[in-house]
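What follows is a single structure, written as structure tokens, with notes after it.
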Amino acid sequence: IPVQRILKKFAKSTIKSKKQSQTKDEAATSINVDYEILQKRYKDFASHLSNLFDSILPKFLLYEFEREQYLSLCNNNNTNKGPEADGAATESETSMSNVYSGEFLLRMI
Numbered sequence: 030i031p032v033q034r035i036l037k038k039f040a041k042s043t044i045k046s047k048k049q050s051q052t053k054d055e056a057a058t059s060i061n062v063d064y065e066i067l068q069k070r071y072k073d074f075a076s077h078l079s080n081l082f083d084s085i086l087p088k089f090l091l092y093e094f095e096r097e098q099y100l101s102l103c104n105n106n107n108t109n110k111g112p113e114a115d116g117a118a119t120e121s122e123t124s125m126s127n128v129y130s131g132e133f134l135l136r137m138i
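Residue numbers (my numbering): 30 to 138.
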């Protein structure tokens with residue numbers, strides 16, 4: 030599962046969990062959480078962590094074959110972004126966080 034998908038699922042499940050706990054506790058407290066703000070914060074967190082992953086990934090590639098694969102992917106992305114590119118692939122589709130799996134995210138942590 031790509032890192033980007035893991036982070037999106039994290040944000041979504043955390044918000045869902047907070048909503049469920051809020052509905053259980055509504056009778057006991059009068060605290061009202063603005064879920065739109067909470068949702069935006071968790072989505073921003075996931076997005077920023079994904080961008081951080083993309084920028085520092087090369088430093089966490091331990092093996093030579095991983096570095097070669099990374100360079101190959103970077104070169105393929107750069108050639109696809111040339112003037113002849115039709116724009117079908119967006120930046121998020123070609124980001125490394127959409128290619129690499131959770132194991133690489135764990136290396137960062």
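We put the beta carbon where it would ideally sit given N, CA and C, even for glycine.
Computed from a predicted structure; not experimentally measured.
Tell me residue i's beta-bridge partners as DSSP assigns them.
| i | result |
| --- | --- |
| PRO31 | SER130 |
Indicate whether residue i and residue j have their beta-carbon atoms separated by less than 8 Å.
| i | j | result |
| --- | --- | --- |
| GLN33 | SER124 | yes |
| LEU86 | PHE39 | no |
| ILE30 | SER130 | yes |
| GLN68 | ILE44 | yes |
If I follow the unbroken alpha helix (DSSP H) through residue i, where does it start and stop?
| i | result |
| --- | --- |
| ASP73 | 64-85 |
With burial defined as no fewer than 16 other Cβ atoms inside 10 Å of the residue's Cβ, what is the status of residue i: buried or exposed?
| i | result |
| --- | --- |
| PHE82 | buried |
| LEU78 | buried |
| SER126 | buried |
| TYR64 | exposed |
Using a C-beta cutoff of 8 Å, does residue i count as contacting chain C?
| i | result |
| --- | --- |
| VAL32 | As a matter of chain content, chain C is missing from the structure shown, which is built from one protein chain. |
Assuming residue i and residue j are in contact, meaning their beta carbons sit under 8 Å apart, how far apart are those beta carbons, in whole angstroms?
| i | j | result |
| --- | --- | --- |
| LEU91 | VAL128 | About 17 Å separates the two Cβ atoms, so there is no contact after all. |
| ALA75 | LYS48 | That pair is no contact at about 17 Å. |
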